[in-house]
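Number of protein chains: 2
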Amino acid sequence: MTSILIKRTHECGTLKVQNIGEQVSLNGWVQKRRDLGGLIFVDLRDRSGLVQIVFDKDISLEAFEMAEELGSEYVIAVRGKIYKRQSINPNIPTGEIEIFAESLQILNTAETTPIYIKDDDDVSENLRLKYRYLDLRKSSMQYNLIFRSKVANIVRNFLSQEGFIEVETPMLTKTTPEGARDYLVPSRVNPGKFFALPQSPQLFKQLLMVSGMEKYFQIVKCFRDEDLRADRQPEFTQIDCEMSFVDIEDVLAVNERLLKKVFKDALDIDIQLPIERLSYEEAMERYGSDKPDTRFGFELVDVSQAVKDSGFKVFTETLQHGGFVKTININGYGDKFSRKDITSLEEIAKTYGAKGLAWMKVTDEGITSPIAKFFSEAELKDILQLTNGQAGDLLLFVADKLQVVYDALGHLRLEAAKRLDLLDRNEYKLLWVTEFPLLEYDEEDNRYVAKHHPFTAPMDEDIDMLETTPEKVRAKAYDIVLNGHEIGGGSIRIFSSQLQQKMFEVLGFSQEEAWEKFGFLLEAFKYGTPPHGGIAFGLDRLVMLLLKEDNIRQVIAFPKTQNATCPLTNAPSYADEKQLKELNIQSITTKES
Amino acid sequence: MTSILIKRTHECGTLKVQNIGEQVSLNGWVQKRRDLGGLIFVDLRDRSGLVQIVFDKDISLEAFEMAEELGSEYVIAVRGKIYKRQSINPNIPTGEIEIFAESLQILNTAETTPIYIKDDDDVSENLRLKYRYLDLRKSSMQYNLIFRSKVANIVRNFLSQEGFIEVETPMLTKTTPEGARDYLVPSRVNPGKFFALPQSPQLFKQLLMVSGMEKYFQIVKCFRDEDLRADRQPEFTQIDCEMSFVDIEDVLAVNERLLKKVFKDALDIDIQLPIERLSYEEAMERYGSDKPDTRFGFELVDVSQAVKDSGFKVFTETLQHGGFVKTININGYGDKFSRKDITSLEEIAKTYGAKGLAWMKVTDEGITSPIAKFFSEAELKDILQLTNGQAGDLLLFVADKLQVVYDALGHLRLEAAKRLDLLDRNEYKLLWVTEFPLLEYDEEDNRYVAKHHPFTAPMDEDIDMLETTPEKVRAKAYDIVLNGHEIGGGSIRIFSSQLQQKMFEVLGFSQEEAWEKFGFLLEAFKYGTPPHGGIAFGLDRLVMLLLKEDNIRQVIAFPKTQNATCPLTNAPSYADEKQLKELNIQSITTKES
Chain A
157 MTSILIKRTH ECGTLKVQNI GEQVSLNGWV QKRRDLGGLI FVDLRDRSGL
207 VQIVFDKDIS LEAFEMAEEL GSEYVIAVRG KIYKRQSINP NIPTGEIEIF
257 AESLQILNTA ETTPIYIKDD DDVSENLRLK YRYLDLRKSS MQYNLIFRSK
307 VANIVRNFLS QEGFIEVETP MLTKTTPEGA RDYLVPSRVN PGKFFALPQS
357 PQLFKQLLMV SGMEKYFQIV KCFRDEDLRA DRQPEFTQID CEMSFVDIED
407 VLAVNERLLK KVFKDALDID IQLPIERLSY EEAMERYGSD KPDTRFGFEL
457 VDVSQAVKDS GFKVFTETLQ HGGFVKTINI NGYGDKFSRK DITSLEEIAK
507 TYGAKGLAWM KVTDEGITSP IAKFFSEAEL KDILQLTNGQ AGDLLLFVAD
557 KLQVVYDALG HLRLEAAKRL DLLDRNEYKL LWVTEFPLLE YDEEDNRYVA
607 KHHPFTAPMD EDIDMLETTP EKVRAKAYDI VLNGHEIGGG SIRIFSSQLQ
657 QKMFEVLGFS QEEAWEKFGF LLEAFKYGTP PHGGIAFGLD RLVMLLLKED
707 NIRQVIAFPK TQNATCPLTN APSYADEKQL KELNIQSITT KES
Chain B
157 MTSILIKRTH ECGTLKVQNI GEQVSLNGWV QKRRDLGGLI FVDLRDRSGL
207 VQIVFDKDIS LEAFEMAEEL GSEYVIAVRG KIYKRQSINP NIPTGEIEIF
257 AESLQILNTA ETTPIYIKDD DDVSENLRLK YRYLDLRKSS MQYNLIFRSK
307 VANIVRNFLS QEGFIEVETP MLTKTTPEGA RDYLVPSRVN PGKFFALPQS
357 PQLFKQLLMV SGMEKYFQIV KCFRDEDLRA DRQPEFTQID CEMSFVDIED
407 VLAVNERLLK KVFKDALDID IQLPIERLSY EEAMERYGSD KPDTRFGFEL
457 VDVSQAVKDS GFKVFTETLQ HGGFVKTINI NGYGDKFSRK DITSLEEIAK
507 TYGAKGLAWM KVTDEGITSP IAKFFSEAEL KDILQLTNGQ AGDLLLFVAD
557 KLQVVYDALG HLRLEAAKRL DLLDRNEYKL LWVTEFPLLE YDEEDNRYVA
607 KHHPFTAPMD EDIDMLETTP EKVRAKAYDI VLNGHEIGGG SIRIFSSQLQ
657 QKMFEVLGFS QEEAWEKFGF LLEAFKYGTP PHGGIAFGLD RLVMLLLKED
707 NIRQVIAFPK TQNATCPLTN APSYADEKQL KELNIQSITT KES
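As given, the protein sequences belong to chains A and B, one line each in that order.
Mapping of the first sequence onto our numbering: residues 157 to 749, in sequence order.
Mapping of the second sequence onto our numbering: residues 157 to 749, in sequence order.
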């Protein structure tokens with residue numbers, strides 16, 4: 157059971173009618189064995205697919221007798237001749253042929269597997285992750301990993317051809333000021349000190365621009381110690397780019413061509429360039445979201461003016477306190493939503509801070525709504541005109557401060573589209589969202605904070621407002637959105653010391669504080685920093701969306717659970733006291749076990 | 157100073173005589189400015205190289221006056237027309253032309269840099285690392301990083317074309333039993349538990365073979381918390397491969413073609429296949445090393461038989477205690493080594509455990525040596541015959557137990573070759589070393605330990621000796637050596653449970669211990685594991701050698717010092733108490749500062 161006597165000449169899934177008559181050797185796994193009419197049939201599987209092997213006493217008694225021992229997932233090597241199959245199996249590419257075995261070698265046996273090796277096996281994800289090596293034998297998972305590898309290759313080759321240089325930046329680096337929570341790594345050689353795993357190569361890629369690399373990229377692991385969601389992992393992979401001597405249009409242009417290349421070469425889909433753009437402001441006004449899914453309508457409409465003098469106090473009082481009343485028109489689907497359905501939509505709206513959800517159905521007889529009575533004919537007419545309301549429509553209203561209105565209606569339009577099955581999985585809708593606000597006011601800290609990061613450049617025409625109305629300053633920042641998911645984002649960076657100094661002032665940092673937090677970058681900026689900017693894509697999420705998967709773990713070979721553990725290796729685990737002592741740390745927790 | 161008004165149409169270093177008469181725009185850094193004869197000359201630098209810009213009042217007074225402000229490393233954009241240069245500079249590719257500037261934009265200023273931006277600047281490495289972003293502006297460092305990126309690309313494209321799939325394995329994983337020291341990462345969500353950063357993806361790549369990926373590769377960061385040497389870093393990059401349904405020859409064959417491709421495409425050097433092979437035993441006997449530099453001779457010769465009855469007690473007593481007497485003939489260079497030189501060689505031999513170094517010079521008059529008197533004419537004749545000693549040769553003898561003889565003479569032959577300048581930097585000598593011992597006896601632990609790792613397969617013909625004479629069992633393990641440096645290594649793995657069980661017995665593990673240490677891999681092996689094996693190359697070291705650099709830090713963008721610190725970012729650094737508390741750990745060291 158040690159040496160392979162029969163080495164493969166072909167891969168199982170590649171054999172065709174054209175090969176009939178050929179002598180072939182194959183290696184692989186027994187997918188299934190059936191004994192029928194004095195013959196033994198084996199579906200043999202390798203990475204390329206399946207093929208049927210037939211064992212016949214009259215051809216080789218020895219091989220037949222060995223074949224009687226075969227069980228599922230046995231690893232075998234087989235030699236034989238290809239024949240046309242009598243009963244064609246149209247479900248597999250090799251279904252027109254079969255191989256009559258002349259010799260067989262059992263390379264390894266297999267115990268009964270704890271999960272079935274088939275795509276539609278309905279087993280808990282925890283069990284799938286514990287036996288990931290079996291789960292990855294499924295053709296769907298193999299396809300996903302091969303596809304992921306292909307996408308990475310397309311990206312690398314495209315960027316290399318465009319003159320980008322892949323430079324590896326450190327994994328053991330310094331803790332990030334003002335970022336998410338870091339993973340720390342105790343240093344043995346430097347007692348009491350810690351490395352941090354990078355949240356992104358942001359500072360290093362800017363330093364590479366200072367160093368004159370001009371066009372940098374990297375496909376690189378990044379780390380954030382945050383609580384997990386379906387599309388988040390403690391470690392994730394970024395396609396990270398940075399360019400010098402560029403402005404927004406240059407970055408967007410090369411990345412549009414990158415995306416076009418990926419869609420074409422990975423999916424054979426032609427996407428039209430330029431990719432549609434929305435300013436942040438327009439995205440919020442029309443979709444209530446800075447990452448709108450634009451595969452469908454149901455856009456937000458402001459009806460504040462139309463209802464400001466109505467008898468409906470919920471609306472008028474909100475407006476008097478500076479709020480807004482907006483609506484979405486689920487046009488044409490009014491009859492799909494019962495009162496119960498609308499109540500469940502209201503529950504969703506409430507999770508986003510709305511106090512309630514008002515609604516109107518437009519019918520041939522007029523408006524049906526519990527709140528219709530509070531409005532005059534003229535007001536109702538105005539509402540219908542603003543929303544283009546027709547018989548069969550459903551209008552959903554949220555009245556609140558602007559952010560709550562956006563959040564609630566933005567999610568409601570998505571929820572309605574989901575329930576109506578309007579999200580076409582075969583449609584890929586790309587969108588740039590640009591002109592993000594540079595700053596957000598942090599109520600807790602009582603100061604402005606950078607929405608992107610403190611090195612993001614303001615739009616040239618807004619620089620003057622930095623001192624007067626900072627909240628109105630737009631950034632040279634952009635996100636790329638695919639079907640309502642942010643798949644990447646970036647910005648043009650500040651490269652002038654004066655502007656950077658002004659930015660820190662707006663953020664409320666003294667010069668000392670700024671220096672303490674970002675000293676080595678500020679120092680670098682003194683020695684001739686070129687204009688630069690870049691972008692980073694989330695590779696995991698991009699691949700997940702390209703593959704129409706709902707869960708990021710479907711495109712990662714060995715992912716962590718929502719609890720940041722690995723059921724396969726049982727990582728993380730307890731460390732030896734000796735290890736910890738060498739690292740000059742101790743645990744300050746009582747072991748649960 | 158925010159927007160680029162003059163965007164590059166060309167790159168500086170690409171302009172040629174053919175471009176004369178063209179209007180071009182360039183972006184880059186001021187390498188040097190000279191004011192001469194009423195004109196201002198600027199050497200403009202970008203990633204592609206240098207070109208000369210001339211500012212002439214008569215062409216643009218405005219540009220000329222701005223140019224008067226230019227200092228070294230200012231970032232500028234310039235537009236002008238290309239002319240034939242009057243005084244040609246043969247040292248740069250663009251030396252035949254120059255650009256008369258019609259407009260200039262100063263994109264950024266620069267303070268005087270703490271290190272010069274030129275390749276031959278003789279400055280301390282610590283200062284170079286502190287200002288790495290300036291150090292990387294040097295054309296030699298840019299060349300190194302671009303070359304490294306190119307090598308990685310060649311490897312990826314070759315392996316992809318060969319059907320290897322790049323699969324990313326986890327960075328946050330489980331501590332390695334029986335390996336080097338791990339870097340640990342405390343888990344916040346799982347108090348008291350730790351992830352480990354991978355020393356290699358070894359277990360995961362074997363699991364990927366169990367999962368039927370068949371051909372895997374990855375260019376991946378690995379981590380070892382060991383004390384550093386010139387060619388070691390805490391984090392390093394491996395080209396990691398694994399294949400199923402293969403034996404040694406298959407792995408060696410594909411990797412030979414990979415190396416041929418790398419040498420051809422990166423250096424335009426044709427290497428001859430197959431690559432030469434030596435068994436471990438032969439490598440040790442002939443060169444005293446398992447990674448011999450075979451660019452030169454000076455091979456080891458055993459003279460034990462010839463001297464066993466001599467009057468030289470140092471030799472005879474060593475032989476009586478089971479030791480060996482071996483020599484290397486520094487043939488033809490006897491007159492290059494004075495007594496003082498030989499004494500310094502003896503000091504080196506002593507650092508490898510030798511008690512002394514005996515020597516003989518062969519001259520036209522016979523043998524000159526302090527120990528000649530202890531040997532008969534016949535014995536001396538035998539020695540000369542065995543070593544092919546001729547007039548002008550120097551023989552160096554070490555008498556000791558075998559390992560000390562190998563270590564001392566192996567290093568002496570290398571040292572002698574270095575002093576004689578015989579190591580041709582333009583020669584690349586590749587060598588496979590095969591048939592490593594499977595096991596080593598660990599005197600401290602009083603048991604056998606795996607020389608490679610416990611999953612390395614024994615040679616088929618040696619399996620029977622596992623129970624009788626384990627120390628004689630050879631492994632299906634191989635290293636690839638380039639000019640005396642190990643640049644990669646791997647093995648065929650055990651894939652049969654029975655053989656694995658026997659291996660653990662030899663290693664002195666009970667079944668429980670084996671399960672505790674390698675449980676999840678043993679579990680995986682039960683479900684149909686294919687024969688498999690692989691290799692890993694050290695990318696940093698490979699690139700260093702291809703570039704003829706002596707120091708691995710020359711091919712890493714942001715390396716650590718020997719003390720595992722980063723002078724640029726000051727990583728590692730102290731962490732907030734709050735951070736440590738969240739991670740359920742505390743430092744048990746007193747801060748030095």
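For each residue, glycine too, the CB sits at the ideal point set by N, CA and C.
Note that the structure is a prediction, hence the values are computed from the model and not measured.
By the Cβ neighbour-count rule, N639/A is buried, with 16 or more other Cβ atoms within 10 Å of its own. In this structure, the straight-line span from the alpha carbon of Q718/B to that of L702/A is close to 44 angstroms. Of all residues in the segment 326-353 of chain A, only P326, M327, L328, T329, K330, T331, R337, D338, Y339, L340, V341, P342, S343, R344, V345, N346, P347, G348, K349, F350, F351, A352 and L353 come within less than 9 angstroms of chain B when Cβ atoms are compared, listed by chain position. Each of E535/B, V366/B, Q654/B and G227/B was checked against the Cα of F676/B, and the nearest Cα belongs to V366/B. Using beta-carbon distances, K682/B counts as an interface residue toward chain A, with a partner under 8 angstroms. By the rule that beta-carbons nearer than 8 angstroms mark a contact, L724/A touches chain B. Buried is the label assigned to G169/B, since at least 16 other Cβ atoms lie within 10 Å of its Cβ. The segment 689-696 of chain A makes contact with the segment 399-406 of chain A, as at least three CB pairs between them are under 8 angstroms. Non-local C-beta neighbours of L475/A in its own chain, meaning closer than 8 angstroms and more than five positions away in sequence, comprise S460, V463, K464, V481 and A555, ordered along the chain. For A514/A, the uninterrupted beta strand (DSSP E) segment begins and ends at A514 to T519.
For K188/A, none of the residues of chain B pass the 9 angstroms Cβ criterion, the least Cβ distance being about 13 angstroms. For K628/A, DSSP records no beta bridge to any residue. When C-beta distances to chain A are compared with 8 angstroms, the residues of the segment 194-225 of chain B below that value are R201, D202 and R203, in chain order.
Here P614/B is bridged, per DSSP, to A631/B. The segment 579-589 of chain A makes no contact with the segment 529-546 of chain A; the number of CB pairs closer than 8 angstroms stays below 3. Not a single C-beta of chain A is nearer than 8 angstroms to the C-beta of F693/B. F392/A sits in a strand when the DSSP states are folded into three classes. Taking 8 angstroms as the cut-off, the Cβ atoms of L195/B and Q261/B do not count as close. In the displayed model, I708/B falls within a helix according to three-state DSSP.
Residue environment: V173/A is assigned as exposed (fewer than 16 neighbouring CB atoms within 10 Å of its CB, all protein chains considered).
Contacts between K377/B and chain A, judged by CB atoms closer than 7 angstroms, involve M327 in chain order. According to the DSSP secondary-structure assignment, I484/B is paired through a beta bridge with L456/B and L552/B. At a cut-off of 8 angstroms between beta-carbon atoms, P626/B makes no contact with chain A. Between E258/B and K237/B a beta carbon distance of about 7 angstroms is seen, short of the 8 angstroms cut, so the two are scored as contacting. V637/B is not a Cβ neighbour of V307/B, given a cutoff of 8 angstroms. Identification of chain A residues near P728/B by a Cβ-Cβ cut-off of 7 angstroms yields S343, N346, K349, F350 and F351, ordered along the chain.
For the C-beta of Q742/B, the chain A residues within less than 9 angstroms are, from N- to C-terminus, I741, Q742, S743 and I744. Straight across, the Cα-Cα distance linking L434/B with I527/B is about 34 angstroms. Of all residues in the segment 254-265 of chain B, those with a C-beta nearer than 8 angstroms to a C-beta of chain A are L263, N264 and T265, reading in chain order. With contact defined as three or more Cβ pairs closer than 8 angstroms, the segment 565-578 of chain A and the segment 601-612 of chain A are not in contact. Neighbours of M369/A in chain B, taken as residues whose beta carbon is under 8 angstroms from its own, are R203, L292, Q298 and L301 in chain order. In the structure shown, K377/A adopts extended strand secondary structure according to DSSP, grouped into three states.
Listed along the chain, the chain A residues whose CB falls inside 7 angstroms of the CB of A731/B are T331, L340 and F350. Contact between L315/A and D338/A is ruled out by a C-beta separation of about 28 angstroms, above the 8 angstroms threshold. Taking C-beta separations shorter than 7 angstroms and ignoring five residues to either side along the sequence, the partners of M297/A in its chain run D291, following chain order. Proximity to E391/A across A564/A, R709/A and I744/A peaks at R709/A, based on C-alpha coordinates.
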